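Peer 1:
Number of protein chains: 2
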Amino acid sequence: MIQTLEWTEEGVRFIDQTKLPTEEVYVTSKTYQQVADAIRTMIVRGAPAIGVAAAMGIALGVRDSKAETVAGLKQDFDHICEVMGQTRPTAVNLFWAIQRMREKFERLRVRPISQIKEELIEEAKRMHAEDIAANRAMGNHGATLMPNSGGVLTHCNAGALATAGYGTALGVIRAAIEQGKKIHVYADETRPFLQGSRLTAWELMKDGIPTTVISDNMAGAMMRQGKIGAIVVGADRIAANGDVANKIGTYTVAVLAKENNIPFYVAAPISTVDLACPDGNKIPIERRNAREVSHIAGKQMVPDGVSIENPAFDVTPAKYVTAIVTERGIARAPYEESLRSLADADAKVQV
Amino acid sequence: MIQTLEWTEEGVRFIDQTKLPTEEVYVTSKTYQQVADAIRTMIVRGAPAIGVAAAMGIALGVRDSKAETVAGLKQDFDHICEVMGQTRPTAVNLFWAIQRMREKFERLRVRPISQIKEELIEEAKRMHAEDIAANRAMGNHGATLMPNSGGVLTHCNAGALATAGYGTALGVIRAAIEQGKKIHVYADETRPFLQGSRLTAWELMKDGIPTTVISDNMAGAMMRQGKIGAIVVGADRIAANGDVANKIGTYTVAVLAKENNIPFYVAAPISTVDLACPDGNKIPIERRNAREVSHIAGKQMVPDGVSIENPAFDVTPAKYVTAIVTERGIARAPYEESLRSLADADAKVQV
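One line per chain: the protein sequences are A and B, in this order. For the first sequence, the numbering used here begins at 1308 and goes up steadily by one. For the second sequence, the numbering used here begins at 1308 and goes up steadily by one.
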């Protein structure tokens, strides 16, 4: 099994996703600042993985705090949370994870410092395990939506590498294949960071799942040629009305799906649903460095002086989304109701 | 003015489009085989430029023929035409240019060898000049369709570098700007060959036209944000019914345009219209080497063993095309009639 990130005594160990697919290199972030850097530079990426990484980073920072009182520890804790919260703005799982660590800290305030430190580490590890369990549950729900055979398109990487393991969108595909469905994955390469060609193709290869990489602008032609029976993608934030923020290009895939009468599914844990956000217009969209577009593998592709846009995400309005798969079940329109009812459900995934 | 290709005594001189935008290098193909290689390896690309390059390659091969009889020269000529015809299958301008050289040869058969050679060179040079004139005429027609200000999106490079000069789609934009319109160009980078970031941005920069490069999967988001007032692209082949084969990704742009109520224009010379081809399904689509997708700047981006699709073109059904701009005027649906009537028109562009 792919170890996207794990807690170790030395720090948080990541597979370095900037080096894949040609180098399988692991790096250990030994301070919370290094964890924040790993998130910012996309050594680790993918909304659920970012959430777990942030929790582990907080646990690491608290563990190494020199504070001698709980009040002092709380001060350090708040600062660490602030640093983590400034890494990447779109994935709501980051803020969900910080909030969960905050609540844990509040409950532990009356305990000795050593116990607080220990229990925050346990909480972060629990979030790691719960994420995998959620993805397995999501896979079981979503597998029923997959065609019995044929092409399924995905965009970016919503796989084991985007989560603690197994994956959201790729978890749905993995579960469908475990159930005997004969799926061939079409992976958009996903410029500018190439998560599709570098990461999705790599992890599906490891599992022996047949995969074809295409450049993003080929997805439309593949759909028109009848090669795609369904689409499944992940999400970085889902608004209360079902609008979905996900990797740039997702909106395009959704429009093409509608035009070609292909179902378009989103798979994401409940922690990705932001009920406080009424619709997609309210989701902050991260703009990343122009160099990600202008330079590839160190080579300049855009002449000097030309401007560049590099939004990392776009918003797919709910009307294009056939269904949203969560670990608690499948939501369909109207999403205001279906998402709220899943979010309110007690049904906690048991680890 | 950018010299995409020109006839010289030593051979056909090209700006090497594989080296742009960081290096402005010129190469001279000294034999017709070298011209064929230049087309195949995309040192020169773009349907109209391929047509002119093929004509010059034929003229070059015939000039250097050792044949001592017209029958012998014709044999060499036929072989050269065959080699040229096997370089790239989709751009109909290639076959149009070969056919025009064939007809010229037929008319010259009674002449001495030296005159045949000289007149074929003249014919190729005439096609070069006519192409620029056609683009200027196209620009004047198409400029009226452009918005007075704001963003215009283009895909791939249908500019000076895709033609003998001035450009088709970029010719329309240039003409609109010459008329005082305040246009900001959004250029899709156009994977896998990056004609947008490397070529379109380079030639628009040279002209001081404001340009923003985006990755292909950002076009949808830009449209949804209201940044794009019109779209104009070139074409590699237009079927009698108005279906348009153009660079892979064009279909996607057209679907996004429809969804966002943005006009989608195609600019191409009459030589791109293939009345013998009833619809887009009959257009042969070139599939290029997987390495163009898997490797960028020499760096491997897709793990070994993963399959790759690399169709160089797709077909945009006529229903998505708001209008087709030619040097003889603007065609609108129903295209069967409008394209045939423009193709039949005497209105020959005067050089």
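Glycine included, C-beta positions come from ideal geometry on N, C-alpha and C. A quick note: this is a predicted structure, and the numbers were derived from the prediction, not measured.
Can you tell me whether residue 1543 (chain A) is helix, strand or coil according to DSSP?
Peer 2: Counted from its first residue, the first sequence places residue 1543 (chain A) at position 236. Residue state, collapsed to three classes: coil.
Peer 1: Listing by chain order, which chain B residues have their CB less than 7 Å from the CB of residue 1531 (chain A)?
Peer 2: Position 224 of the first sequence, counting from 1, holds the residue named residue 1531 (chain A). The contacting residues are 1558.
Peer 1: Any beta-carbon of chain B closer than 7 Å to the one on residue 1328 (chain A)?
Peer 2: For the purposes of this step, residue 1328 (chain A) is identified with residue 21 of the first sequence, where counting begins at 1. Output row for residue 1328 (chain A): interface = yes.
Peer 1: On the three-pair Cβ rule with 8 Å, is the stretch 1605-1623 of chain B touching the stretch 1516-1527 of chain B?
Peer 2: Judged by Cβ distances under 8 Å, the stretch 1605-1623 of chain B makes no contact with the stretch 1516-1527 of chain B, as fewer than three pairs qualify.
Peer 1: Along chain B, in chain order, which residues have C-beta atoms closer than 8 Å to that of residue 1621 (chain A)?
Peer 2: Position 314 of the first sequence holds residue 1621 (chain A). Going along chain B in sequence order, the residues near residue 1621 (chain A) (Cβ under 8 Å) are 1525, 1527, 1528 and 1531.
Peer 1: When the cut-off is 7 Å and only beta carbons count, does residue 1600 (chain A) lie next to chain B?
Peer 2: Here the question's residue 1600 (chain A) lines up with position 293 in the first sequence. Chain B, which has a Cβ nearer than 7 Å to the Cβ of residue 1600 (chain A), makes this yes.
Peer 1: Do residue 1327 (chain B) and residue 1481 (chain B) have their CB atoms nearer than 7 Å?
Peer 2: In the second sequence, counting from the first residue as 1, residue 1327 (chain B) sits at position 20. In the second sequence, counting from the first residue as 1, residue 1481 (chain B) sits at position 174. Going by C-beta atoms, residue 1327 (chain B) is not nearer than 7 Å to residue 1481 (chain B).
Peer 1: Is residue 1656 (chain B) helix, strand or coil by DSSP?
Peer 2: In the second sequence, the residue the question calls residue 1656 (chain B) occupies position 349. Reliability of the predicted coordinates at residue 1656 (chain B) is poor, the pLDDT of 47 falling under 50, and no value is obtained from them.
Peer 1: Do you know offhand how far residue 1453 (chain B)'s Cα is from residue 1311 (chain A)'s?
Peer 2: In the second sequence, residue 1453 (chain B) corresponds to position 146, counting from 1. In the first sequence, residue 1311 (chain A) corresponds to position 4, counting from 1. Their Cα atoms are separated by approximately 49 Å.
Peer 1: Are the CB atoms of residue 1467 (chain B) and residue 1510 (chain B) within a distance shorter than 7 Å?
Peer 2: Counting from 1 along the second sequence, the entry for residue 1510 (chain B) is found at position 203. Counting from 1 along the second sequence, the entry for residue 1467 (chain B) is found at position 160. Contact: yes.
Peer 1: What is the DSSP secondary structure of residue 1607 (chain B), counted as helix, strand or coil?
Peer 2: Position 300 of the second sequence, counted from the start, is the residue given in the question as residue 1607 (chain B). If DSSP states are grouped into helix, strand and coil, residue 1607 (chain B) belongs with the strands.
Peer 1: For residue 1539 (chain B), go through chain A and note every residue whose CB falls closer than 8 Å to its CB, in chain order.
Peer 2: Residue mapping note: residue 1539 (chain B) aligns to position 232 of the second sequence, counting from 1. Under the 8 Å cutoff, chain A gives no residues; its nearest Cβ is about 17 Å from residue 1539 (chain B).
Peer 1: Kindly list the residues whose CB is nearer than 7 Å to the CB of residue 1497 (chain A), restricted to its own chain and excluding five residues on each side of it in sequence; keep chain order.
Peer 2: Position 190 of the first sequence, counted from the start, is the residue given in the question as residue 1497 (chain A). Within the same chain, residue 1497 (chain A) has close Cβ partners 1462, 1463, 1503, 1523, 1554 and 1556.
Peer 1: Given a cut-off of 7 Å, decide if residue 1366 (chain A) and residue 1431 (chain A) are closer than it, judged by their beta-carbon atoms.
Peer 2: Residue 1431 (chain A) sits at position 124 when you count from the first residue of the first sequence. Residue 1366 (chain A) sits at position 59 when you count from the first residue of the first sequence. In contact: residue 1431 (chain A) and residue 1366 (chain A) (Cβ atoms closer than 7 Å).
Peer 1: Cutting at 6 Å between CB atoms, please list the residues of its own chain near residue 1558 (chain B), excluding the five before and the five after it.
Peer 2: Residue numbering aside, residue 1558 (chain B) sits at position 251 when the second sequence is read from its first letter. Correct list, in chain order: 1621 and 1623.
Peer 1: Against residue 1310 (chain A), what residues of chain B qualify as contacts under a CB-to-CB distance less than 9 Å, listed in chain order?
Peer 2: The sequence position of residue 1310 (chain A) within the first sequence is 3, counting from 1. By Cβ distance, chain B contributes nothing, its closest Cβ being about 18 Å from residue 1310 (chain A), past 9 Å.
Peer 1: Three-state secondary structure (DSSP) at residue 1500 (chain A)?
Peer 2: Counting from one through the first sequence, the residue named residue 1500 (chain A) turns up at place 193. If DSSP states are grouped into helix, strand and coil, residue 1500 (chain A) belongs with coil.
Peer 1: Using only alpha-carbon positions, find the residue among B:1545, B:1565 and B:1645 that is nearest to residue 1288 (chain B).
Peer 2: Residue 1288 (chain B) cannot be examined here, being either before or after the span of chain B that is shown, 1308 to 1658.
Peer 1: With a 10 Å radius around its C-beta and 16 neighbouring C-beta atoms as the bar for buried, classify residue 1456 (chain B) as buried or exposed.
Peer 2: As a first step, residue 1456 (chain B) must be located in the second sequence, where it is residue number 149. Exposed, since its Cβ has fewer than 16 Cβ neighbours within 10 Å.
Peer 1: Grab me the residues of residue 1488 (chain A)'s own chain with a C-beta within less than 6 Å of its C-beta, minus the 5 sequence neighbours each way, in chain order.
Peer 2: Counting from one through the first sequence, the residue named residue 1488 (chain A) turns up at place 181. So the qualifying residues of the chain are 1453 and 1455.
Peer 1: What runs of the alpha helix (DSSP H), each 4 residues or longer, lie entirely inside the stretch 1416-1476 of chain B?
Peer 2: The qualifying runs are 1420-1450.
Peer 1: Quick one: using the 10 Å Cβ neighbour count with 16 as the cut-off for buried, is residue 1411 (chain B) buried or exposed?
Peer 2: On the second sequence, position 104 is the one that residue 1411 (chain B) refers to. Buried is the call here.
Peer 1: Give the secondary structure of residue 1618 (chain B) by DSSP, where H, G and I count as helix, E and B as strand, and everything else as coil.
Peer 2: Walking along the second sequence from the start, residue 1618 (chain B) turns up at place 311. Three-state result, residue 1618 (chain B): strand.
Peer 1: Using 10 angstroms around the beta-carbon of residue 1495 (chain A), count the other beta-carbons present and answer buried if the total reaches 16, otherwise exposed.
Peer 2: Translated into the one-based positions of the first sequence, residue 1495 (chain A) becomes position 188. So residue 1495 (chain A) ends up on the buried side.
Peer 1: Comparing the C-beta of residue 1505 (chain B) with each C-beta of chain A, is any distance below 7 Å?
Peer 2: Residue numbering aside, residue 1505 (chain B) sits at position 198 when the second sequence is read from its first letter. Yes, contact with chain A.
Peer 1: Using a beta-carbon distance below 7 Å, is residue 1612 (chain B) in contact with chain A?
Peer 2: Reading the second sequence from its first residue, position 305 is the one you call residue 1612 (chain B). Residue 1612 (chain B) counts as touching chain A.
Peer 1: Quick check on residue 1521 (chain B): does DSSP put it in helix, strand or coil?
Peer 2: Here residue 1521 (chain B) is taken as the residue at index 214 of the second sequence, counted from 1. Correct three-state label for residue 1521 (chain B): strand.
Peer 1: Determine, for residue 1480 (chain B), whether the minimum Cβ-Cβ distance to residues of chain A falls below 7 Å.
Peer 2: Taking the first residue of the second sequence as position 1, residue 1480 (chain B) is located at position 173. Not closer than 7 Å to any Cβ of chain A, the Cβ of residue 1480 (chain B) fails to qualify, so no.
Peer 1: To which residues of the same chain is residue 1531 (chain A) closer than 7 Å at the C-beta, ignoring the five residues directly before and after it?
Peer 2: In the first sequence, the residue the question calls residue 1531 (chain A) occupies position 224. 1567.
Peer 1: Name, please, each residue of chain B whose Cβ falls closer than 7 Å to the Cβ of residue 1508 (chain A).
Peer 2: Walking along the first sequence from the start, residue 1508 (chain A) turns up at place 201. Those are 1609, 1610 and 1613, listed as they occur along chain B.
Peer 1: Are the stretch 1425-1445 of chain A and the stretch 1574-1594 of chain A touching by the rule of at least three beta carbon pairs closer than 8 Å?
Peer 2: Yes: the two stretches touch, three or more of their Cβ pairs being nearer than 8 Å.
Peer 1: If you draw a straight line from the C-alpha of residue 1415 (chain A) to the C-alpha of residue 1317 (chain A), how long is it?
Peer 2: To locate residue 1415 (chain A), count along the first sequence from 1; it is residue 108. To locate residue 1317 (chain A), count along the first sequence from 1; it is residue 10. Going by the C-alpha atoms only, they are around 24 Å apart.
Peer 1: What three-state label does DSSP hand residue 1592 (chain A) in the structure shown?
Peer 2: Counting from 1 along the first sequence, the entry for residue 1592 (chain A) is found at position 285. Here residue 1592 (chain A) sits in coil by DSSP.
Peer 1: Taking residue 1498 (chain A) as the query, report the chain B residues whose CB atoms sit under 9 Å from its CB, ordered along the chain.
Peer 2: Here residue 1498 (chain A) refers to the residue found at position 191 of the first sequence. Those within 9 Å of residue 1498 (chain A) in chain B are 1496, 1498, 1522, 1523, 1524 and 1525.
Peer 1: Given a threshold of 16 other Cβ atoms within 10 Å of its Cβ, counted over all protein chains shown, does residue 1550 (chain B) qualify as buried or as exposed?
Peer 2: For the purposes of this step, residue 1550 (chain B) is identified with residue 243 of the second sequence, where counting begins at 1. Buried, by the Cβ-count rule.
Peer 1: Could you please tell me which residues of the stretch 1626-1643 of chain B, in chain order, have their CB closer than 8 Å to any CB of chain A?
Peer 2: Hits within the stretch: zero.
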